[in-house]
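S.K.: Structure provided below as structure tokens; questions to follow.
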Ligand code: SAH
Ligand code: DHB
Ligand code: MG
């Protein structure tokens with residue numbers, strides 16, 4: 064069978080049918096996001112569960128997310144936390160954050176999730192301080208142009224053993240094009256250049272296909 068985007072779609076649906084039970088709360092979160100006019104750029108269900116399992120494998124207690132949108136990935140990650148766990152998520156758009164707040168509350172995570180509104184580079188400094196603990200897992204999924212700054216902040220706010228996941232690093236394969244004029248791709252290439260020189264991070268990246276097209280994650284371990 065030719066590996067077309069239709070095949071990727073069908074396989075993602077097969078995976079969801081077998082491995083992802085019906086989930087009215089997550090469905091409602093996506094419906095509310097569509098109704099509010101948010102772009103349909105949340106992680107796919109299979110990717111959401113991947114992030115959820117990663118958080119459980121790492122027994123993480125503190126999660127930082129950059130880029131909340133309607134809170135879809137926030138719910139997947141928040142559900143991986145123990146009762147005393149905390150998730151802080153950063154969102155530029157106040158209107159998106161309101162949609163996320165309602166979705167997170169419907170998921171029973173209102174007391175677990177803190178949403179900070181504004182450009183992440185302005186809200187990140189609020190996460191430093193004696194009353195703030197380092198994060199065990201950071202999911203970076205905001206504007207791609209600032210990815211390098213976000214990775215550097217994630218490193219600063221984490222500890223040896225923390226995991227950093229970056230979404231959308233492959234972008235239809237544009238990552239490996241040194242002549243790209245797409246500033247999002249330039250932003251990701253800066254991260255990869257930095258990783259070459261940063262001994263505190265051990266990293267890999269995986270290409271993915273599916274409902275969200277051809278893209279991928281980078282996985283960084285703080286060591
Ligand atoms: N993580 C979400 C999808 C995030 S989409 C999910 O998978 O469900 C990217 C989000 O980053 C958008 O909501 C966008 O408004 C937000 N964003 C863009 N620039 C930002 C910035 N400078 N600071 C914080 N958030 C930003
Ligand atoms: C876009 C952003 C994302 O985080 C994503 O997963 C897919 C697309 C975008 O801005 O187009
Ligand atoms: Mg993304």
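In this note's numbering, the protein residues as written are 64 to 286. Virtual Cβ for every residue (Gly too), placed ideally from N, Cα, C.
#1: So is residue 233 buried or exposed if we call it buried at 16+ other beta carbons inside 10 Å?
#2: Based on the DSSP secondary-structure assignment, which residues constitute the bridge partners of residue 186?
#3: For residue 164, does the three-state DSSP call read helix, strand or coil?
#4: Compare the Cα-Cα distances from residue 105 to each of 211, 256 and 203 and report the closest residue.
#5: Mind checking which residues open and close the alpha helix (DSSP H) that includes residue 223?
#6: Please report the distance separating the alpha-carbon of residue 183 from that of residue 133.
#7: Counting pairs of beta carbons, one from the stretch 140 to 156 and one from the stretch 108 to 126, are three or more of them closer than 8 Å?
#8: With distance defined between alpha-carbon atoms, name the residue in 243, 286 and 179 nearest to residue 157.
#9: Assign residue 77 to one of two classes, buried (16 or more other C-beta atoms within 10 Å of its C-beta) or exposed (fewer than that).
#10: Exposed or buried, which one is residue 90 when buried takes at least 16 other CB atoms within 10 Å?
#11: Assign residue 266 to one of three DSSP states: helix, strand, or coil.
#12: Output yes or no for whether 9 Å exceeds the beta carbon distance between residue 281 and residue 229.
M.R.: Quick answer:
#1: By one-based count along the chain shown, residue 233 stands at place 170. It is buried - the Cβ of residue 233 has at least 16 other Cβ atoms within 10 Å.
#2: On the chain shown, residue 186 is found 123 positions in, with the first residue counted as 1. Its beta-bridge partners do not exist; DSSP assigns none.
#3: Taking the chain shown and counting its residues from 1, one reaches residue 164 at position 101. Of the three classes helix, strand and coil, the one that applies to residue 164 here is helix, per DSSP.
#4: To locate residue 105, count along the chain shown from 1; it is residue 42. It is 203 whose Cα lies nearest to the Cα of residue 105.
#5: On the chain shown, residue 223 is found 160 positions in, with the first residue counted as 1. Where residue 223 is concerned, there is no enclosing alpha helix (DSSP H), although the beta strand (DSSP E) it sits in stretches over 221 to 229.
#6: Within the chain shown, the letter at position 120 stands for residue 183. Within the chain shown, the letter at position 70 stands for residue 133. Approximately 16 Å, taken between the alpha carbons.
#7: yes
#8: Position 94 of the chain shown, counting from 1, holds the residue named residue 157. Ranking 243, 286 and 179 by Cα distance to residue 157 puts 179 first.
#9: Within the chain shown, numbered from 1, the residue matching residue 77 stands at position 14. Burial call: exposed.
#10: For the purposes of this step, residue 90 is taken as the residue at position 27 of the chain shown. It counts as exposed.
#11: For the purposes of this step, residue 266 is taken as the residue at position 203 of the chain shown. In the structure shown, residue 266 falls within a strand segment according to DSSP collapsed to helix, strand and coil.
#12: Mapped onto the chain shown, residue 281 falls at position 218. Mapped onto the chain shown, residue 229 falls at position 166. Cβ atoms of residue 281 and residue 229: closer than 9 Å.
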